[in-house]
Amino acid sequence: MNTITVTIKFNSAFRIATGQADDKADQVLDHGNPLPGRSLKGDLRAAARQLLPATQSGDDTWRDDPLVEEVFGAPGGDGCPWHFGDGVLNDVSYRTRARIALDPRRRVRPGAMLIGEEARTTVATQTISQTGTLTEEQRRLHGALLRVSATLIDGVGHGRRRGMGWVSVTTDSERIEDDVNLVMRYVASRRES
């Protein structure tokens with residue numbers, strides 16, 4: 058089976074919260090898995106959608122490009138031929154950060170303080186492994202879309218517009234230009250059909 062290695066270099070702290078609170082913070086991280094594969098899969102899908110936008114159906118619903126759905130599966134993850142491993146980090150540290158909300162007069166709004174935990178590390182790796190059966194052509198096209206999408210990611214987790222989760226992403230691709238060309242040929246073929 059085929060694997061792709063993604064390397065994520067962190068330029069700032071990040072937060073992918075569990076949805077739970079504890080006695081120290083309103084938003085806590087999973088210290089055993091601060092960079093879950095499902096979150097990275099979502100970032101990759103969002104980047105793929107930039108390359109291959111969804112189309113609108115007649116009933117006001119949007120449908121992903123067929124290749125995006127083929128690579129990432131239908132909503133809910135059904136039919137995905139890839140496994141998105143959790144990020145592997147070393148030397149990760151944690152701290153809390155407070156956020157407040159201001160009212161129109163620029164005073165702190167009562168009860169509007171949020172304490173969130175954040176993680177800090179320099180680098181993480183993720184492995185994407187083929188788990189489903191693909192033809193050679195599908196494997197090449199899927200791999201190209203995954204690698205190109207990875208290089209488009211510039212942020213992970215919460216607070217990306219507030220300076221958190223900024224990243225630079227590379228893959229094990231020897232020639233990303235070949236991957237870009239393969240994806241662009243697919244885009245051109247979709248326009249012709």
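Per the working numbering, the very first residue in the sequence shown carries number 58; after that it's consecutive. Backbone N, C-alpha and C fix where the C-beta goes; we use that ideal spot for every residue, glycine too. Owing to the predicted nature of the structure, the values given are computational and were not obtained by experimental measurement.
Rounded to the nearest whole angstrom, the C-alpha separation of residue 64 and residue 162 is 44 Å. Here residue 130 is near residue 136, since their CB atoms are less than 9 Å apart.
The DSSP-derived three-state label of residue 174 is strand. By a beta-carbon distance limit of 8 Å, residue 249 does not contact residue 221. Their separation comes to about 42 Å. Going by DSSP, residue 233 is part of the alpha helix (DSSP H) stretching over 233 to 249. Restricted to the region 146 to 196, the beta strand (DSSP E) segments that are unbroken, complete and at least 3 residues in length are 150 to 159, 165 to 177, 180 to 187, listed in chain order. Here the C-alpha atom of residue 183 lies approximately 6 Å from the C-alpha atom of residue 62. Judged by DSSP in its simplified three-state form, residue 205 adopts helix. In this structure residue 92 is in contact with residue 146, their Cβ atoms being roughly 6 Å apart against a cut-off of 8 Å.
By the 16-neighbour rule on beta-carbons within 10 angstroms, residue 244 is exposed. Take residue 157, set aside five residues on each side of it, and the residues of its chain with a beta-carbon closer than 7 Å to its own are 165, 169, 170, in chain order. Collapsing the DSSP output to three states places residue 140 in a strand.
As computed with DSSP, residue 228 is found in a beta bridge with 63.
By the CB criterion at 9 Å, residue 229 and residue 205 fall outside the cutoff.
At the C-beta level, residue 111 and residue 100 stay beyond 9 Å of one another. By the C-beta density criterion, residue 159 is exposed, having fewer than 16 other C-beta atoms within 10 angstroms.
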